[in-house]
Amino acid sequence: MDRHYYGSHALTIARHPSETDERMMVRLLAFARHAHEHLAFARGLSEADEPDAWQKDLTGAIEQWIDVGLPDEKCILKASGRSKQVAIYAYGGRGATLWWNTISPKLARLKNLTVINLPPATTQALARLAQRNMQLGCTIEDGVVWLSSDTERIQVPFDVLQAPA
0 MDRHYYGSHA
10 LTIARHPSET
20 DERMMVRLLA
30 FARHAHEHLA
40 FARGLSEADE
50 PDAWQKDLTG
60 AIEQWIDVGL
70 PDEKCILKAS
80 GRSKQVAIYA
90 YGGRGATLWW
100 NTISPKLARL
110 KNLTVINLPP
120 ATTQALARLA
130 QRNMQLGCTI
140 EDGVVWLSSD
150 TERIQVPFDV
160 LQAPA
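Take a look at the structure:
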């Protein structure tokens, strides 16, 4: 509702062998928050030069670069140079906090970077929603994100650690 985007997406999510349900569901949440007809999952874990999801324009230029986890400084700087907007969805509790405290001074100058930290309780609740076949709904209203299945509805609180100026 906040973005005035009302779409339905039939997604096939390829799960990397090393990927957990928690990470997969954070990827899905990131997709839902940035949903657009041109947004697509990329190879992420399988390909170092690709994000978890991206949105390209008709010329192939990257408009939105979305990564999940704790990418290193070089990857973020490269993404920032290649894309109009970069969004990082960090999770992992104390590990994410330590990562951000270490890396944030080097990224403060980036004007197209958004970094979001998700609390462990939220990502664990998202992981419990993971099923082989899922039908989920996402509502974003007044900055509050809700992800729901047939049996459960989860409010997704998050901390914006950095946002574009």
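Using numbering that gives the first Met the number 0, read the sequence shown as starting at 0 and increasing by one per residue. Cβ coordinates follow ideal geometry from the N, Cα and C atoms, glycine included.
Endpoints, the alpha helix (DSSP H) within which residue i is located
i: F30; result: 20–32
i: S79; result: 72–81
Whole-angstrom C-beta distance between residue j and residue i, which should lie under 8 Å
i: P50; j: A41; result: 5 Å
i: A29; j: I65; result: 5 Å
Limits of the beta strand (DSSP E) - the one that residue i falls within
i: L146; result: 143–147
i: G136; result: 136–140
i: I65; result: 61–67
i: I12; result: Run containing I12: none; DSSP gives neither H nor E here.
Between the CA atoms of residue j and residue i - distance to the nearest angstrom
i: L112; j: C74; result: 12 Å
i: L125; j: G59; result: 32 Å
i: A31; j: C137; result: 6 Å
i: L109; j: E62; result: 15 Å
i: I102; j: N116; result: 14 Å
i: L160; j: T150; result: 31 Å
i: V67; j: G80; result: 18 Å
i: K77; j: G142; result: 29 Å
i: H15; j: Q54; result: 21 Å
Coil, strand or helix - residue i by DSSP
i: A124; result: helix
i: S103; result: helix
i: T113; result: strand
i: A95; result: helix
Contact check, residue i vs residue j, beta carbons under 8 Å
i: W145; j: Q154; result: yes
i: G94; j: L69; result: yes
i: M23; j: A129; result: yes
i: A107; j: H33; result: no
i: A47; j: R26; result: no
i: E18; j: T122; result: no
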